[in-house]
Amino acid sequence: MRGCNNMCSFCIVPFTRGRERSRPVDSIVKEVAELWKEGVKEVTLLGQNVNSYNDASEIEKEVETGTNWKYSDGFSSMCKVKEVGLRFSDLLDRLSSEFPEMRFRYTSPHPKDFPDDLLYVMRNRHNICKSIHLPAQTGSSAVLERMRRGYTREAYLDLVQKIRRIIPDVGITSDFISGFCGETEEEHEDTLSLVKAVGYDMAYMFAYSMREKTHAHRTYVDDVPDEVKQRRLAELIEAFRESTGQCFDSQIGSVQLVLVEGPNKRAPDTELIGKSDRGHRVLFTNLPLRNRNEDGSQARNPVVGDYVEVLIIKSTRASLFGEALAITTLSSFYNNLDREAVANAS
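Quick note: the sequence shown, position 306, residue 306 per the UniProt record's numbering, numbers continuous.
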């Protein structure tokens, strides 16, 4: 999909990309089918506000109602929603069921568009990656109001708790703006405390830069000095680094399904690099492996596009390091996990 209806006060996207337009579900399914035939194993669904996807192409007459449009609890929007068509959860449900061996990611979403049905689809489909980008922008409710984000700090934290309750192993990433118009030291401290409270896998962090034509440009003064913005940004980055190490360390000892992306550029002859379900970079030694699903198969070295079981043995703040165990399939890996979970529960 393209465009954005959110009209956040700092953002130029609605003025450069226009209102939201969603591609029909069938056209997306057709494109994914073509990618699958070409050997693609992972697809990222893109949009300026991807989880507000609304395929109303089959609706003959659109009416300004919004009565059936569900937002995350405690979130609101300035923009009225037309008659609801197929939503993002419907798109993910269809793609994940028709292409069970293909991974699906998406970016960039807005926190307001995470109704329960979307979270449950993510939980119930193993090939929808358990990674959610949840842009906070700030940890201060007062700054959020000036940004016109449509939620408070408390609503955001409640959503984080709900996401982790429904999808226990989810990885959460975010965006933050340091030094927005009128930001005080206390409001900056609110952002630092939010970063520490959530414990993000990764975050994009920037010092605020005024954009012409935005609501902020028309309404506010860019009054935080550049040196203060940079100092606050450095403190924000440090707060993130302190918490993200715990996230990576917690995965030591786990077995991750890694999609091989190619040789590690620093050791191309001996190491491979790939991506875990949560989107973490995983490095492991390139050795011949048996295929878990082929009895009597000869060992071979993994190639790009293979799913590999990797035991995580070490971590840094940016990467995981592991020991490759076997080549497998996405379905086989998670079916084994499900059986183990049932056995442990009994």
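Ideal placement from N, C-alpha and C gives every residue a C-beta, glycine not left out.
Being a predicted model, the structure only gives us computed values, none of them experimental.
So residue i and residue j are in contact, right, with Cβ under 8 Å, and what is the actual spacing, rounded?
i	j	result
H215	R165	In fact, because the Cβ distance is near 34 Å, the residues do not count as touching under 8 Å.
I312	L320	5 Å
V170	R94	That belief does not hold up - the Cβ atoms of V170 and R94 are roughly 22 Å apart, past 8 Å.
V160	V221	Incorrect: roughly 32 Å between the Cβ atoms, too far for contact.
R211	F333	Contact flag wrong, Cβ pair sits at about 44 Å.
residue 355	V25	Here the chain covers residues 1 to 346 and nothing more, so residue 355 does not appear.
R300	L287	Not quite, the Cβ-Cβ distance comes to about 10 Å (not below 8 Å), so this is no contact.
Within the same chain, show all residues whose beta-carbon is closer than 7 Å to that of residue i, passing over the 5 residues directly before and after it, in chain order.
i	result
W36	F99 and M102
T191	T138, G139, S140, F176 and L236
R232	S178, G179 and H188
R17	R2, G3, C4 and Q48
G253	I312
S297	R290 and N291
Q230	A207
Q251	I312, S315 and L320
G39	G305
E20	M1, G3, C4, N5, N49 and S52
I22	Residue identity check: residue 22 is Ser in the sequence provided, not Ile. Same-chain partners within the cutoff: M1, Y53, N54 and D55.
D223	C181 and G182
Report all residues from its chain with a CB closer than 8 Å to the CB of residue i; omit the five preceding and five following residues, and keep chain order.
i	result
T328	L257, N291, R292, N293, Y307, V308 and E309
S77	N5, N6, Y71, K112 and G150
T67	At T67 the pLDDT is 44, less than 50, meaning the model places this residue with poor confidence and gives no usable figure here.
S97	R125
V282	Q256, V258, I273, G274, K275, S276, V310, I312, S319, L320, F321 and G322
N344	none
Look up residue i in the DSSP assignment and say whether it is helix, strand or coil.
i	result
D190	helix
I252	coil
V40	coil
F104	strand
Q298	coil
V258	strand
R149	coil
Q246	helix
P115	coil
P263	strand
M122	helix
D73	coil
D306	coil
S9	coil
R164	helix
E212	coil
K61	For K61, the predicted model reports a pLDDT of 42, less than 50, meaning its position is unreliable; a value from the coordinates is still stated below. Three-state result, K61: coil.
F333	helix
Y156	helix
A142	helix
Tell me the DSSP bridge mates of residue i?
i	result
E323	L311
N291	I327
G171	S131
E271	T285
R2	R21
I177	F206
P87	According to the sequence shown, residue 87 is Arg rather than Pro. DSSP lists N54 as partners of R87.
Q137	F176
L45	Y106
Would residue i and residue j qualify as a contact pair, given that the criterion is a beta-carbon distance under 9 Å?
i	j	result
S52	F88	yes
K280	F240	Per the sequence shown, the amino acid found at residue 280 is His instead of Lys. Cβ distance not < 9 Å, so H280 and F240 don't count as in contact.
V228	G182	no
V260	G322	no
Y208	S178	yes
N127	L86	no
E154	G47	no
L119	L157	no
V50	S108	yes
T316	G245	yes
residue 347	E242	Absent from the model: residue 347. The displayed extent of the chain is 1 to 346, so no value can be given.
D116	K162	yes
I'd like to confirm something about residue i: is its beta-carbon nearer than 8 Å to some heavy atom of the ligand COA, or not?
i	result
D175	Ligands are entirely absent from the displayed structure, and the ligand COA is therefore not among its contents.
Suppose the cutoff is 6 Å on Cβ atoms and the five residues either side in sequence are ignored; what does the same chain contact list for residue i look like?
i	result
L134	P111, I172 and S174
F15	K213
R123	I166 and I167
T44	R105
S331	P100
Y204	D175
A114	In the sequence as presented, Ala is not what sits at residue 114; that position holds Phe. Only S72 meet the Cβ criterion.
Tell me, please, whether the CB atom of residue i is closer than 9 Å to any CB atom in chain B?
i	result
H280	In the structure shown, chain B cannot be found, because there is only a single protein chain.
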